[in-house]
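Numbering (the numbering used here), first residue to last: -1 to 190.
By construction, the Cβ of each residue, glycine as well, lies at the ideal position given by its N, Cα and C atoms.
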């Protein structure tokens, strides 16, 4: 049985997926109605839309990280950091409105820490430190939230699969080569 908070998060994600271009029409009232609860209940559990969107981003990140773990198990010969990038790009495309930040409505402290812990677990950090995944996360988020600029400046249409692949190729071509731990991991997996 889903909790009320869980229903609200699911409802918000559903509404974000229906309107991936933004938060237009995404109100606490619409979310509560979709979840089948009263508006007071939505406000009680989250206080404002920013906090609810923060919970959505964490839920989406948890799903993406599960997909990443499965992808690494299914294809151990592919660079796990590249697989991570594919999964995170998918997550960002699914509901970009959950990852738009506006300082006026979000309580950043707990959300940032929880999202960080989900997106950058120790097993990811061992693939090349923390810097590369953080740079990749920032670049991908910017690529999808400001896709026009990325397409104009880099020629990558991140709305299309080929454009996302080209963007990841470009990213990995300018970031210093794989650290020994990433390269060793891939070679070990190929040798199995």
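Legend entry - Among 146, 90, 83, 53, the one whose alpha carbon lies nearest that of residue 224: Lying before the first or after the last residue shown, residue 224 is absent from the chain, which here runs from -1 to 190.
Inset, instruction - Could you pull out every residue in the same chain whose Cβ sits closer than 8 Å to the Cβ of residue 2, ignoring the five residues on either side in sequence? - result: Once the five neighbours on either side are set aside, the close Cβ partners of residue 2 are 33, 35, 39, 43.
Legend entry - Enclosing alpha helix (DSSP H) for residue 7 [first to last residue]: 2 to 16
Legend entry - Cβ shell of residue 47 (< 6 Å), same chain only, five flanking positions each side left out: 26
Inset, instruction - Give a yes or no on whether the C-beta atoms belonging to residue 138 and residue 86 are separated by under 8 Å. - result: yes
Inset, instruction - Flag this pair as yes or no: are the beta carbons of residue 116 and residue 54 separated by less than 8 Å? - result: no
Inset, instruction - Thinking residue 13 and residue 78 are a contact (beta carbons under 8 Å), I'd like their distance in whole angstroms, please. - result: So it is not a contact: roughly 33 Å between Cβ atoms.
Inset, instruction - Check whether the Cβ atoms of residue 70 and residue 81 lie closer than 8 Å to each other. - result: yes
Legend entry - Per-residue DSSP class, three states only, for residue 158: coil
Legend entry - Simplified DSSP state of residue 74, which is helix, strand or coil: coil
Inset, instruction - Flag this pair as yes or no: are the beta carbons of residue 134 and residue 94 separated by less than 8 Å? - result: no
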